[in-house]
Structure formats: C-alpha cells, structure tokens
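Following: one structure in structure tokens, then a few remarks.
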Amino acid sequence: MTRVAVIGAGSWGTAVAKLVTTNADTILWARRPQLAARIEQEHENVDYLSGVRLPESLAVTSDLETACRDADVLVLGVPSHGMRAVLDEAARCIGTSMPLVSLSKGVEQGTLRRMTEVIADVLPEHAPDRIGVLTGPNLAREIAEGQPAASVVALADHDTAIELQQLFMTETFRVYTNPDVVGCEIAGALKNVMAIAAGIADGLGYGDNTKAALLTRGLAELTRLGIALGGSPLTFSGLAGMGDLVATCTSTKSRNRTVGAELGKGRKIDDIVAEMNMVAEGVKSTAAVLELARRHEIEMPIAEQVGAVLYDGKRADELVPALMLRQAKPELHGIT
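Mapped onto this note's numbering, the consecutive letters of the sequence shown carry residue numbers 21 to 356.
Here it is in structure tokens:
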C-alpha cells in the first residue's frame with residue numbers, strides 16, 4: 021500500500037491527511053511534540069481543526085525523519101515562509117523520484133519563487149516533473165467535515181498526476197489533473213491578495229455589486245500576471261483560478277478575507293496578525309506579487325492598493341476611491 025507523509029499539521033495539512041488516509045497509509049508531521057502527541061491521543065487537532073474527528077489509523081509524529089523516511093509520496097503543507105527550512109531538514113530522507121506535492125499558496129520572500137521552485141532549488145537532483153501542487157477552492161474545515169468539494173492536482177508527469185488524482189480523490193472530494201503547474205500555483209498565491217481586498221470591502225460595509233466588481237477585476241489581474249509568468253489562460257477560469265478566487269473572497273472561513281475585513285473596520289495589520297493562530301499568506305505574499313508585477317511590467321491596481329494598506333499606512337477607506345477614479349479603459353484591456 022502507498023505510504024504518504026503529510027508535512028505540516030495546520031488546518032489544511034490536517035484535512036488533507038484525513039482525506040488521504042481513506043486511500044493510503046498516512047503519517048502526519050507536526051512541528052510541536054505536544055501537538056503531535058495530543059492529535060495522536062485524541063484523534064483531533066484542537067489547535068487548528070477543533071471538532072473534526074480524525075481517523076484512528078492516521079499516524080502522527082513530530083520527528084521529521086520518521087515521517088519522511090519510508091514515504092512514497094510527500095505532501096508539503098507548511099506555510100511558504102517555512103518551506104525552505106523544512107525541506108533543508110528533510111532533504112536527506114527524500115528520494116529523487118518521489119512525488120512531492122505542495123499545499124502552500126504563497127511566494128517566497130526575497131527570491132520571489134513559487135513553492136515548486138523552492139522545492140526544486142533545495143532538491144536540485146529531484147525529478148522536476150514529479151514536483152507539483154494540489155490547489156483549488158479548498159476551505160479546510162468544510163473538506164474535513166466531508167462537504168463536497170473539488171480540486172486540481174498539477175504535475176508535468178501525466179502518469180504521476182493520475183496516480184495522485186486517485187490518491188486524493190474520495191466520495192466527497194473530486195480531483196482533476198492539470199499539467200499547468202505554473203498557472204495553478206500562481207493563481208493560488210495571487211487570489212490571497214484579492215481576498216484581502218474583498219475583505220476590506222466587506223469591512224467597509226460595501227455590498228454585492230462591489231464584491232462582484234472586485235472579483236472580476238481581480239481575476240483579470242491574476243490572469244495577466246499568471247500568463248506573463250508562463251501559465252495557461254484557461255487555468256485561470258478553472259478551479260485553481262476562478263474557483264479558488266470565489267471561495268477565498270466570499271467565505272467567512274477565509275483567513276485572508278478575514279484580515280481584509282478587519283482592516284476595513286479600521287484595525288492595524290500588526291494587531292490583526294497577532295491575534296491569528298494560522299497564517300494568512302496574502303499578508304506577506306502581496307509584496308512579492310507586486311515585485312513580480314513590476315519585473316514583468318504588469319498592471320495590478322487592486323494588488324497595489326492592498327499593498328499600500330498593508331505596508332504603507334494607507335487607510336482602508338481610501339482603497340475603493342483610488343480604484344474607482346483611475347483612468348477609464350476598455351474592459352478587456354491588457355488581459356491577454
């Protein structure tokens with residue numbers, strides 16, 4: 021039987037571990053020994069996914085080598101800012117042909133690398149076509165509770181993608197394959213920025229028309245940059261693009277939308293982040309996204325305004341007027 025190691029016991033890593041246990045022998049790695057011991061004893065991750073019963077067959081450890089040593093598939097559910105350090109520590113236990121699947125939806129600060137690029141950088145001898153992502157409109161709690169959902173597994177190697185599709189798919193979690201790793205991955209990172217903007221609109225009390233406009237123009241922005249980085253245009257109208265954007269921008273369970281909503285209410289970003297026990301990737305990724313846009317000369321006005329609120333002290337209530345009073349343009353200007 022296939023053995024899967026899920027590295028990272030946050031809400032999404034835990035939810036994926038629960039899913040995969042349906043189809044494979046699975047072990048979940050938690051950085052903190054106390055958390056690992058409690059999950060193994062209580063079959064519940066009370067810190068990140070309280071109230072969700074985990075399978076008794078799910079093994080848990082805080083020893084990274086134990087988790088990776090005999091794995092056939094490695095699923096990486098650590099935040100983008102911790103990916104490189106965890107891989108450095110685990111590198112000696114990772115086979116060069118083992119499928120590696122990132123769950124992280126962020127961009128590395130400084131290098132501006134996507135997570136699959138970080139993985140390839142840390143593991144230069146690893147087969148590049150066996151490094152991919154699982155992404156889509158996947159709010160962890162809903163999936164862990166067994167609510168119907170769909171996702172995309174993106175790898176360049178078609179046969180491996182099919183194997184992973186079967187590994188992740190259950191009666192309530194439908195998985196599609198897509199060879200466009202770049203497009204799927206960058207869409208997941210960029211939508212977090214747009215979710216902060218959507219949350220700001222909610223916090224300011226704006227209605228559905230405003231949200232619809234932000235979603236539509238946000239999709240145009242992430243499509244422009246995604247294509248410039250090598251993604252396929254069709255990817256951005258699928259689950260990894262529009263699907264994830266809708267879920268993240270509209271759900272009260274979205275951490276990035278929640279950050280935006282609190283900003284819209286006039287709170288400071290440092291205070292908001294200090295209260296959160298889970299990472300909102302968009303808070304850090306926005307700077308990297310804006311730098312990528314500058315390097316590729318891509319216009320991203322929504323992302324720019326989010327960055328100004330996050331980093332430059334701009335008031336949230338100044339965001340919408342700044343966008344509304346921009347120079348008038350045709351709707352499809354610069355999308356493709």
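All C-beta atoms in this analysis are idealised placements derived from N, C-alpha and C, irrespective of residue type, glycine included.
Put simply, the backbone Cα of residue 324 is about 36 Å away from that of residue 165.
Counting only the Cα atoms, residue 257 lies some 8 Å from residue 263. Taking C-beta atoms as the reference points, residue 200 and residue 255 count as a pair closer than 8 Å. Spanning the alpha carbons of residue 218 and residue 112 requires a straight line of approximately 42 Å.
In this structure, the beta-carbon distance from residue 32 to residue 160 falls below 8 Å. Taken in chain order, the unbroken stretches of beta strand (DSSP E) that lie wholly in the segment 134-209 and span 3 residues or more are 151-155, 169-174, 193-198.
Going by C-alpha positions, residue 319 is about 47 Å away from residue 75. Note that the segment 125-132 touches the segment 300-314; at least 3 beta-carbon pairs, one per stretch, sit closer than 8 Å. Taken through DSSP and simplified to helix, strand or coil, residue 92 comes out as coil. Annotated three-state conformation of residue 346 is coil, per DSSP. Under the DSSP definition of a beta bridge, residue 122 partners with 96, 153. When DSSP states are grouped into helix, strand and coil, residue 45 belongs to the strand group. Taking the Cα of residue 261 as reference, the smallest distance to any Cα among 210, 286, 152, 90 is reached at 210. Around the beta-carbon of residue 322, 16 or more other beta-carbon atoms lie within 10 Å, marking it buried. Taking a 10 Å sphere around the C-beta of residue 163, we find 16 or more other C-beta atoms and assign the residue as buried. Every unbroken stretch of the alpha helix (DSSP H) spanning 4 or more residues and falling wholly within the segment 246-328 is given here in chain order: 264-270, 275-284, 289-295, 301-315.
By a beta-carbon distance limit of 8 Å, residue 71 does not contact residue 100. Their separation comes to about 27 Å. Excluding its 5 nearest sequence neighbours in each direction, residue 107 has C-beta neighbours in its own chain below 6 Å: 142, listed in chain order. In the DSSP annotation of this structure, the continuous segment of the alpha helix (DSSP H) that includes residue 58 starts and ends at 53-62. Taking 8 Å as the cut-off, the beta carbon of residue 98 is found no closer than this to the beta carbon of residue 121. Contact between the segment 284-291 and the segment 78-92 is absent: fewer than three C-beta pairs spanning the two stretches fall below 8 Å. Here residue 215 is not near residue 305, since their CB atoms are 8 Å or more apart.
For residue 80, the uninterrupted beta strand (DSSP E) segment begins and ends at 79-81.
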